[in-house]
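K.L.:
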Ligand code: ADE
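In the numbering used here, the protein residues as written are 12 to 346.
Next up, the structure:
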């Protein structure tokens with residue numbers, strides 16, 4: 012086994028150093044249906060000693076696409092290399108990576124939609140025929156040589172399949188989506204991670220963390236690490252609901268499970284645009300976040316929780332939540 016060689020863009024050193032990453036499908040909590048299917052596909056490929064079909068995983072960031080790929084590599088007893096679309100700047104970067112793969116290894120490319128067209132084109136023959144073109148020499152004497160590479164599995168991760176070009180999308184044998192987690196699943200992930208960290212948190216405390224995690228394990232684990240910091244300094248043996256509540260308040264989360272930035276976003280639409288609609292770019296400029304982060308990280312949760320609506324003319328506060336938010340931010344009773 013080759014291990015993990017490159018860091019995924021969205022994972023920090025802190026996460027990698029302290030995180031519990033499940034090694035088996037049994038330890039992976041949630042995504043039940045997908046997990047069952049992937050367990051069968053990997054087992055079948057392993058029995059045939061063949062690479063798994065190329066797999067496209069889509070869904071919001073932080074839901075465990077990398078983790079699932081690591082489990083698949085573990086189950087098939089093969090290596091995995093992890094990189095991201097924007098990291099592969101030149102075709103040579105990708106060719107080098109592809110040439111270094113052992114038979115049946117997994118190549119995980121996060122944010123695969125952010126690869127340049129020329130780099131993407133290298134993938135076509137690599138995925139289909141397990142061959143790459145390399146250029147030897149320079150200038151007029153340069154020659155293109157078509158070389159074989161070991162059969163491998165590409166796992167591509169993207170937030171939306173629509174962002175992928177049709178030729179690339181059609182080369183994946185399996186396309187699957189990951190969904191947001193339920194509060195109970197996130198509670199169990201928090202408890203499992205806490206146990207790995209040898210940190211005591213009550214089930215109620217863990218559920219409170221879960222409610223503030225926007226359906227996303229990565230956020231749940233991040234909050235857990237902060238709760239652990241506060242508990243350590245306060246010499247608190249076990250983080251109970253009350254303690255977790257205090258920490259969450261200090262982290263800027265409120266009792267609705269909204270972060271300071273969620274609240275700022277909603278309050279800006281309310282204050283400056285009477286509830287909207289307002290264009291995403293204007294909103295991003297006003298609150299000082301980049302457009303992609305708003306769209307991929309903040310918005311999905313606010314849409315899902317019914318605070319926000321997308322219209323042709325921009326974002327607006329959902330009518331149902333308007334009275335509540337007016338009261339919350341402006342201190343006005345409902346109209
Ligand atoms: N640990 C256990 N289950 C997990 C999951 N689904 N995602 C991330 N970490 C996990």
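Idealized CB from N, CA, C, for every residue including glycine.
Should the region 72-86 be regarded as contacting the region 221-231, the criterion being three or more beta carbon pairs within less than 8 angstroms?
P.N.:
Counting Cβ pairs under 8 angstroms, three or more are found: they touch.
K.L.:
Are there 16 or more other CB atoms within 10 angstroms of the CB of residue 133, so buried, or fewer, so exposed?
P.N.:
buried
K.L.:
Taking 7 angstroms as the cut-off, does the CB of residue 31 come closer than this to any heavy atom belonging to the ligand ADE?
P.N.:
yes
K.L.:
Is the Cβ-Cβ distance between residue 204 and residue 235 less than 8 angstroms?
P.N.:
Contact: yes.
K.L.:
Give me the Cα-Cα distance between residue 217 and residue 201, rounded to the nearest whole angstrom.
P.N.:
6 angstroms
K.L.:
Residue 185 bridges to which residues according to DSSP?
P.N.:
66
K.L.:
Whose C-beta lies closer than 6 angstroms to the C-beta of residue 183 among residues of the same chain, with five residues either side of it excluded?
P.N.:
65 and 67
K.L.:
Write down every uninterrupted run of the beta strand (DSSP E) in the region 80-130 whose length is 3 residues or greater and which is fully enclosed by it, in chain order.
P.N.:
Complete beta strand (DSSP E) runs here, min 3: 91-95 and 117-121.
K.L.:
I need the DSSP call for residue 159, collapsed to helix, strand or coil.
P.N.:
strand
K.L.:
Which one or two residues does DSSP pair with residue 78 in a beta bridge?
P.N.:
Bridge partners of residue 78: none, in fact.
K.L.:
Should residue 116 be listed as close to the ligand ADE, given that the test is whether its C-beta is under 7 angstroms from any heavy atom?
P.N.:
no
K.L.:
Tell me whether residue 38 counts as near the ligand ADE, meaning its Cβ is closer than 7 angstroms to at least one heavy atom of that ligand.
P.N.:
yes
K.L.:
Is any heavy atom of the ligand ADE found at a distance shorter than 7 angstroms from the C-beta of residue 167?
P.N.:
Checking the Cβ of residue 167 against the ligand ADE gives no.
K.L.:
Comparing the CB of residue 10 with every heavy atom of the ligand ADE, is any distance shorter than 7 angstroms?
P.N.:
Outside the shown range of the chain (12 to 346) lies residue 10, about which nothing can therefore be said.
K.L.:
Once you ignore the five residues that flank residue 242 on each side, which residues in its own chain have a CB closer than 6 angstroms to its CB?
P.N.:
250
K.L.:
Residue 41: beta carbon under 7 angstroms from a heavy atom of the ligand ADE?
P.N.:
yes
K.L.:
Any idea what DSSP makes of residue 265, helix, strand or coil?
P.N.:
The answer is coil: DSSP assigns residue 265 none of H, G, I, E or B.
K.L.:
Going by DSSP, name the residue or residues bridged to residue 152.
P.N.:
Beta-bridge pairing by DSSP links residue 152 to no other residue.
K.L.:
Run the CB neighbour count on residue 178, radius 10 Å, all protein chains shown included, and call it buried at 16 or more, exposed below.
P.N.:
Exposed, by the Cβ-count rule.
K.L.:
Tell me whether residue 4, by its Cβ, gets closer than 7 angstroms to a heavy atom of the ligand ADE.
P.N.:
Since the displayed the chain opens at 12 and closes at 346, residue 4 lies outside it and no answer follows.
K.L.:
Does DSSP put residue 73 in a helix, in a strand, or in coil?
P.N.:
coil
K.L.:
Could you check whether the Cβ of residue 228 sits closer than 7 angstroms to any heavy atom belonging to the ligand MN?
P.N.:
Because the ligand MN does not appear in the structure shown, any question about it cannot be addressed here, the ligands present being the ligand ADE.
K.L.:
In chain order, which continuous runs of the beta strand (DSSP E) of length 3 or greater are located wholly inside the region 246-326?
P.N.:
319-322
K.L.:
Give a yes or no on whether the C-beta atoms belonging to residue 144 and residue 157 are separated by under 8 angstroms.
P.N.:
It is a contact, given that the beta carbons lie within the stated cut-off.
K.L.:
I need the straight-line Cα distance from residue 99 to residue 169, nearest angstrom please.
P.N.:
For residue 99 and residue 169, the distance between alpha carbons rounds to 15 angstroms.
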